[in-house]
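For reference, the structure discussed in these notes is given below.
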Amino acid sequence: MEKLNKNLVIGVLAVIVLAVGIFYLVDKKSDNYTVKMSGKSVVVSDEKWKKSADPETYAKNFEAREMLGREAFPQVVTVYLNKMTSDRMSGKKISENEWLEMFVVHPQTITIQIRRDKGGYWVLSRQTFSVSEPQLINASPESSEQNFTLYQNSFQNEIDTTRHILDSEF
29 MEKLNKNLVI GVLAVIVLAV GIFYLVDKKS DNYTVKMSGK SVVVSDEKWK KSADPETYAK
89 NFEAREMLGR EAFPQVVTVY LNKMTSDRMS GKKISENEWL EMFVVHPQTI TIQIRRDKGG
149 YWVLSRQTFS VSEPQLINAS PESSEQNFTL YQNSFQNEID TTRHILDSEF
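Count along the sequence shown from 1, then add 28; that gives the number in our numbering.
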């Protein structure tokens with residue numbers, strides 16, 4: 029009888045441990061990152077983004093887990109925890125709350141930065157793309173408005189994709 033009670037207690041404990049473990053796995057939705065700022069939280073997908081080092085206390089950095097299309101390096105998005113000030117609104121204004129910059133850092137690449145004002149915070153996306161088109165290799169987007177427009181037209185799909193990411197994921 030004592031052996032039966034002991035086995036029954038062990039069995040009940042095993043069922044409880046198993047139930048708690050299953051509940052924990054089902055209840056644990058993900059390892060998403062939560063960026064908290066005054067009055068707002070932004071949830072960043074752990075599946076799409078990995079947390080990068082934050083050299084500044086006022087910003088959180090994320091690197092894309094996958095490179096898309098013509099990207100030479102993974103996309104980096106910085107979430108600034110403070111309001112966007114006028115000195116940060118640099119580049120070509122492409123909408124009421126977005127600014128676009130394009131420049132060459134490495135040969136045969138173009139770096140595209142998009143800043144988006146989100147009200148109480150702002151985000152900055154940095155992407156570097158490979159350039160293989162002859163008309164782009166010899167034209168710096170910084171040298172003239174015509175060259176800037178040439179690059180913008182050539183990378184419009186990538187720019188639109190980034191704008192969507194900044195709008196929907198950050």
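Each residue gets a CB set at the ideal place from its N, CA and C atoms; glycine is no exception.
Because the structure is a prediction, the values reported are computed rather than measured.
Beta-carbon spacing of residue i, residue j below 7 Å
| i | j | result |
| --- | --- | --- |
| T153 | I142 | Note that residue 153 is Ser in the sequence shown here, rather than Thr. Against a cut-off of 7 Å, the Cβ pair of I142 and S153 comes out as a contact. |
| M117 | Y179 | no |
| Y108 | W77 | no |
| K88 | V71 | no |
| R156 | F90 | Strictly speaking, residue 156 in this sequence is Thr, with Arg absent from that position. Their beta carbons are not under 7 Å apart, which means T156 does not touch F90 by this criterion. |
| R144 | N125 | yes |
| T137 | S158 | yes |
| G148 | K68 | yes |
| Y86 | N110 | yes |
Reduced DSSP secondary structure (H/G/I, E/B, other) of residue i
| i | result |
| --- | --- |
| Q155 | strand |
| N181 | helix |
| T189 | helix |
| F90 | strand |
| T136 | What sits at residue 136 in the sequence shown is Gln, not Thr. Three-state DSSP puts Q136 in coil, outside helix and strand. |
| D115 | helix |
| D145 | strand |
| E99 | strand |
| S123 | strand |
Supposed contact pair residue j and residue i - C-beta distance, whole angstroms, cut 8 Å
| i | j | result |
| --- | --- | --- |
| S73 | V104 | At roughly 15 Å, the Cβ-Cβ gap does not stay under 8 Å, so S73 and V104 are not in contact. |
| L96 | I187 | With a Cβ gap of about 12 Å, L96 and I187 do not count as contacting. |
| S168 | V133 | Between V133 and S168 the Cβ distance is about 11 Å, and since that is not below 8 Å, they are no contact. |
| S182 | L194 | Not really, about 20 Å apart at Cβ, beyond 8 Å. |
Residue range of the beta strand (DSSP E) that includes residue i
| i | result |
| --- | --- |
| L128 | E126 to F131 |
| S69 | K68 to V72 |
| T106 | V104 to Y108 |
Element boundaries [alpha helix (DSSP H), containing residue i]
| i | result |
| --- | --- |
| L164 | P162 to I165 |
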